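Colleague:
Residue numbers (the working numbering): 2 to 384.
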């Protein structure tokens, strides 16, 4: 029986994915796995039995990934599971960035109860006009699961779409319409686009991707959308650009003390993935990741460990998380000398690597021998 601890309210549809081999509870004290959404885990004390954490969502800023890696704990996320929900809100943001729909609605509320509202509307509506999307240029920075959907749908709206992603995978490329113009650098996006939407993960290298220097290269009156992470945009540079008219509108899903209530800013209360469908999809995907790792040792969609998937053959299996340093495979296979290795997969990612072996038999003490190898972080016997 495996124990899974939930740190947030998780979709029942996702929890129902777990088989009878799992006990899922918010109260278990020694979980093999944790399923989390937004709960902050940086001060969380890891129990020795914990082997994986699955975030029902894309961002993992609430999880101490470096500490997890040091302890041989695999951290999963669920890329693409909430893509449609975010995409729909970005399409909404494109419209909100164009005509002042929000301001117009608020104005109508203020004139409620006064005389001859239809006449006031006809007289006052000019304050809220704005451009159509058709014929305008959209720049999509980041063409993953979300960005590709936005690019394709924007084409259907009659927009000219530029896409930039230096790390575009083959799988993502297949999802992308051939009509999306390939931008080889960000300057191409900045120089050509009336609207810009950013969809890249937040990390030190992407902090303030949109800053004063980037904004200076953009078209006058550009409209910027950020439903990815607040830190991707330099708020001070953005506010200066709004004040001087360089940026016509900024739509963000991450209100803070700097941007809330500022004219020209449309601040949405973090609704990108806040749909029942997204929550269900993320929970289902996270549950599947946990079960596949706990039962089979397979790693997919991890943010701190390499992808390593090996179909089960019914043989005993050993999974080894270790430092990504020379001669590790030789040392592991030497420890297993005398045992026939039926199948094996090894992959590295940054400072860490993972080796998964199917063995014809499992001699007593083999796991302990592998644990003694310098550089080995964690060894699991799997079935």
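No residue lacks a Cβ here, since even glycine has one placed at the ideal position from N, Cα and C.
The structure presented is a predicted model; accordingly, all values stated were derived computationally and were not measured.
In three-state terms, what does DSSP make of residue 345?
Modeller: strand
Colleague: Is the Cβ-Cβ distance between residue 267 and residue 227 less than 7 Å?
Modeller: no
Colleague: Please check the pair residue 220 and residue 195, which I expect to be a contact at CB under 8 Å, by giving their CB distance rounded to whole angstroms.
Modeller: 6 Å
Colleague: Could you check whether residue 143 and residue 173 sit closer than 7 Å to each other, using their CB atoms as the reference points?
Modeller: no
Colleague: Report all residues from its chain with a CB closer than 7 Å to the CB of residue 392; omit the five preceding and five following residues, and keep chain order.
Modeller: In this structure the chain extends from 2 to 384, so residue 392 is not present and cannot be described.
Colleague: Apply the 10 Å Cβ neighbour rule to residue 357 and answer buried if 16 or more other Cβ atoms are within range, or exposed otherwise.
Modeller: Buried, since its Cβ has 16 or more Cβ neighbours within 10 Å.
Colleague: To the nearest angstrom, how far is it from the Cα of residue 94 to the Cα of residue 176?
Modeller: 22 Å
Colleague: Just to confirm my understanding: we take residue 186, look at its own chain, exclude 5 residues before and 5 after, and list those with CB closer than 8 Å. What are they?
Modeller: 165
Colleague: Give the DSSP-derived three-state secondary structure of residue 223 in the structure shown.
Modeller: Residue 223: strand per DSSP, three-state reduction.
Colleague: Pair every Cβ in the region 344-357 with every Cβ in the region 322-333, then say whether three or more of these pairs are closer than 8 Å.
Modeller: yes
Colleague: Using the C-alpha atoms, what's the distance from residue 105 back to residue 161?
Modeller: 28 Å
Colleague: In whole angstroms, give me the CA-to-CA distance for residue 207 and residue 62.
Modeller: So the alpha carbons of these two residues sit roughly 14 Å apart.
Colleague: Using the Cα positions of residue 120 and residue 99, report the straight-line distance between them to the nearest angstrom.
Modeller: 24 Å
Colleague: May I have a chain-ordered list of the beta strand (DSSP E) segments no shorter than 3 residues that lie completely inside the region 280-343?
Modeller: 318-324
Colleague: Between 272, 52, 86, 80, which lies nearest to residue 70 when the distance is taken from Cα to Cα?
Modeller: 52
Colleague: Just to confirm the assignment, what range does the alpha helix (DSSP H) spanning residue 374 have?
Modeller: Premise fails: residue 374 is in no alpha helix (DSSP H) and is neither H nor E.
Colleague: Using DSSP with H/G/I as helix, E/B as strand and the rest coil, what is residue 359?
Modeller: DSSP places residue 359 in the strand class (E or B) of the three-state scheme.
Colleague: Around the C-beta of residue 294, are 16 or more other C-beta atoms found within 10 angstroms, so that it is buried, or is it exposed?
Modeller: buried
Colleague: Quick check on DSSP: helix, strand or coil for residue 190?
Modeller: helix
Colleague: Who are the near neighbours of residue 190 in its chain, counting only those whose CB is closer than 7 Å to its CB and skipping five residues on each side?
Modeller: 140, 142, 163, 165, 184, 197
Colleague: The beta strand (DSSP E) with residue 240 in it runs from where to where?
Modeller: Segment 236-245 is the alpha helix (DSSP H) holding residue 240; no beta strand (DSSP E) there.
Colleague: Which residues mark the beginning and the end of the alpha helix (DSSP H) in which residue 106 is found?
Modeller: 102-112
Colleague: Determine the direct distance from the alpha carbon of residue 222 to that of residue 261, and round the result to whole angstroms.
Modeller: 20 Å
Colleague: Could you spell out the range, first to last residue, of the alpha helix (DSSP H) harbouring residue 260?
Modeller: Note, residue 260: premise wrong, no alpha helix (DSSP H); not H, not E.
Colleague: Could you spell out where the beta strand (DSSP E) holding residue 164 opens and where it closes?
Modeller: 161-165
Colleague: Using the three-state DSSP reduction, which class does residue 138 fall into: helix, strand or coil?
Modeller: strand
Colleague: Could you tell me whether the region 314-327 touches the region 369-380, where touching means 3 or more Cβ pairs closer than 8 Å?
Modeller: Contact between the region 314-327 and the region 369-380 is present, with at least three C-beta pairs closer than 8 Å.
Colleague: Does DSSP put residue 68 in a helix, in a strand, or in coil?
Modeller: helix
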